[in-house]
Amino acid sequence: MTKNALDHRLAADLAQFKADGIYKTLNYLDSPQGPRAVMEGHGDVIILSSNNYLGLANHPTVVQAGHAALDRFGAGTASVRFICGTFTIHRELETAIARLAGTEVSLSFMSAWNANEAVPATLLGEQDLVLSDQLNHASIIDGVRLAKAITKCQTGVYKHCDLDDLRAKLAAASDRRIKLVITDGVFSMEGSIVDLPGTLQVCRDYGAILMIDDSHATGVLGATGRGTAEHFGMVGEVDIITSTLGKALGGAAGGFTAASAEVCDYLTQRARPQLFSNALPPTVAASSLASIQVLEAEPQRVAQLRDNARYFREGLIELGFKPLHGETPIIPVILGETSAAIRASELLLQAGVFVTGFGFPVVPQGEARVRCQISAAHTREHLDFALDAFKTVGRTLHLI
Ligand SMILES: Cc1ncc(COP(=O)(O)O)c(C=O)c1O
91 MTKNALDHRL AADLAQFKAD GIYKTLNYLD SPQGPRAVME GHGDVIILSS
141 NNYLGLANHP TVVQAGHAAL DRFGAGTASV RFICGTFTIH RELETAIARL
191 AGTEVSLSFM SAWNANEAVP ATLLGEQDLV LSDQLNHASI IDGVRLAKAI
241 TKCQTGVYKH CDLDDLRAKL AAASDRRIKL VITDGVFSME GSIVDLPGTL
291 QVCRDYGAIL MIDDSHATGV LGATGRGTAE HFGMVGEVDI ITSTLGKALG
341 GAAGGFTAAS AEVCDYLTQR ARPQLFSNAL PPTVAASSLA SIQVLEAEPQ
391 RVAQLRDNAR YFREGLIELG FKPLHGETPI IPVILGETSA AIRASELLLQ
441 AGVFVTGFGF PVVPQGEARV RCQISAAHTR EHLDFALDAF KTVGRTLHLI
């Protein structure tokens with residue numbers, strides 16, 4: 091293939107990524123995702139870098155549901171929902187999602203990314219405002235940018251979890267018709283939980299609508315895994331919840347918006363990712379539905395997840411590491427410089443533990459980290475094996 095000007099420019103940039111140590115390589119798994127998996131070139135490794143929080147990605151009921159849907163519905167509808175029909179399994183899934191999220195209805199999307207892009211760009215107009223937490227996920231940031239470009243709505247960012255800043259920005263926007271505030275429920279780089287009661291109170295004080303992205307909270311927070319609202323005893327109080335089906339709920343792909351009937355109906359009518367893109371494959375819809383059913387039948391998985399996360403966090407502290415304080419299964423271990431985080435993750439992989447290192451600019455300078463993610467499917471043996479690897483690598487790199 092002849093290389094063109096674009097190829098040459100990209101090749102130079104890619105070479106620079108490598109020189110700067112920020113080039114990403116993909117690790118290929120040759121087995122289902124689980125607490126352990128077979129990674130090409132590394133053999134059997136403990137997975138501490140997956141959002142398979144409830145261990146459902148390879149659960150027999152979840153896999154079987156996908157098989158059955160493939161037999162019943164085939165591969166897909168071969169076009170978008172409103173043009174060529176929508177499968178009954180999508181309706182069943184959306185009913186189950188609304189039940190789980192505690193909202194009137196829900197609408198599935200091909201991804202949480204799509205859901206986050208759809209909400210502000212579809213629901214807001216020129217007279218409106220959207221305010222986003224500084225550390226929100228990239229899909230929210232891009233969703234806000236898209237909303238500004240499409241609708242000409244006003245946009246703003248408030249300091250991370252800073253309710254005074256949020257209050258000030260809302261107070262300055264009293265002329266706006268609709269004020270939408272968007273925050274992650276759990277911030278994925280920190281593993282921290284939003285102050286939902288405080289944020290909701292500020293929104294109510296200023297007549298703002300609150301949207302939370304529960305991608306790392308669905309199946310994780312609350313006694314029965316219903317998310318951030320359940321964690322705070324506030325199920326039914328959040329205006330709009332978006333989340334993913336690609337993490338705790340089966341881990342394949344897909345996302346949703348759970349909200350009032352009006353919001354979801356309007357998104358069905360007007361959201362561009364709904365109108366111009368296919369629906370979830372029925373296999374994925376069925377597996378996601380089965381995941382919700384397993385979660386509802388076995389809420390002890392959520393307790394197990396919490397217990398595992400606590401065990402691992404305490405184990406790290408005993409070894410002398412300094413994981414960020416928190417109560418979620420996302421456990422970032424701050425190591426300082428980017429090179430330390432990258433080197434630690436390489437050595438951990440050599441020791442049979444897969445955990446990703448994150449450095450600047452993904453996280454602030456000097457706060458490079460490896461981010462451990464715990465699953466309900468990890469046994470004590472898995473976690474002890476991983477802690478042993480951390481001990482060896484920590485000593486080798488003089489981190490502990
Ligand atoms: C907070 C948050 N929101 C949205 C997404 C996107 O999810 P999906 O893979 O369903 O697009 C992610 C995925 O990393 C996420 O962490």
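In our numbering, the protein residues as written are 91 to 490. Beta carbons: idealized from backbone N, C-alpha and C, even for Gly. Only a predicted model underlies this, so the values are computations on that prediction, with no experimental measurement involved.
Select from 454, 269, 279 and 277 the residue whose C-alpha is nearest the C-alpha of residue 294. 269
query = Under 8 Å, do residue 291 and residue 266 count as touching if we go by C-beta distance?
reply = no
### Query
Where DSSP assigns a beta bridge to residue 300, which residues make up the other side?
271
Contact defined as beta carbons within less than 8 Å: I believe residue 336 pairs with residue 303. What is the distance between those atoms, to the nearest angstrom? No, residue 336 and residue 303 are not in contact; Cβ-Cβ is about 13 Å, not under 8 Å.
Put residue 476 into one of helix, strand or coil per three-state DSSP. helix
So, does the stretch 396 to 410 touch the stretch 472 to 483, judging by three or more C-beta pairs under 8 Å? yes
| query | How many angstroms separate the CA atom of residue 350 from the CA atom of residue 452? | reply | 34 Å
Is any heavy atom in ligand 1 found nearer than 7 Å to the beta carbon of residue 202?
yes
- Task: Could you spell out where the beta strand (DSSP E) holding residue 322 opens and where it closes?
- Result: First-last for residue 322: undefined, no H or E at that position.
Residue 227: CB within 7 Å of a non-hydrogen atom of ligand 1
yes
ask   = How far does the beta strand (DSSP E) with residue 462 in it reach, from first residue to last?
value = 458 to 463
Option nearest residue 289 by Cα separation, candidates 227, 313, 254 and 346:
254
**Message:** Following a CB-centred definition, is residue 206 positioned closer than 7 Å to any heavy atom of ligand 1?
**Reply:** yes
Tell me, to the nearest whole angstrom, how far the beta carbon of residue 214 is from that of residue 385; I am working on the premise that it is less than 8 Å. That pair is no contact at about 32 Å.
Going by Cα to Cα distance, which pick from 412, 365, 321 and 97 is closest to residue 418?
321
Review point. At what residue ranges does the stretch 171 to 246 contain a whole run of the alpha helix (DSSP H), taking only runs of 4 or more?
Key: 171 to 174, 178 to 191, 202 to 213 and 228 to 241
Taking the alpha-carbon positions, what's the residue 209 to residue 357 distance?
7 Å
Residue 334 beta carbon near ligand 1 (any heavy atom closer than 7 Å) = yes
In the DSSP output, which residue or residues are listed as bridge partners for residue 126? 136
**Request:** Compute the Euclidean distance between the alpha carbons of residue 178 and residue 167, then round it to the nearest angstrom.
**Result:** 11 Å
Using DSSP with H/G/I as helix, E/B as strand and the rest coil, what is residue 276?
strand
ask   = What is the residue span of the alpha helix (DSSP H) that residue 395 lies within?
value = 390 to 409
Could you spell out the range, first to last residue, of the alpha helix (DSSP H) harbouring residue 357? 351 to 360
Assigned secondary structure, residue 483 (DSSP; H/G/I helix, E/B strand, else coil):
helix
(message) Does the structure place the stretch 186 to 198 close enough to the stretch 369 to 383 that three or more beta carbon pairs sit under 8 Å?
(response) yes
Assumed close pair residue 432, residue 447 - CB separation to whole angstroms, cut-off 8 Å: 5 Å
query = In terms of residue numbering, what span does the beta strand (DSSP E) encompassing residue 426 cover?
reply = 420 to 426
Nearest-angstrom Cα separation, counted from residue 334 out to residue 343: 7 Å
Backbone secondary structure at residue 167 - three-state DSSP: coil
* Who are the Cβ neighbours of residue 440 in its own chain at under 7 Å, not counting the five residues just before and after it? -> none
- Look at residue 229 and residue 463 and say whether their C-beta atoms are less than 8 Å apart. no
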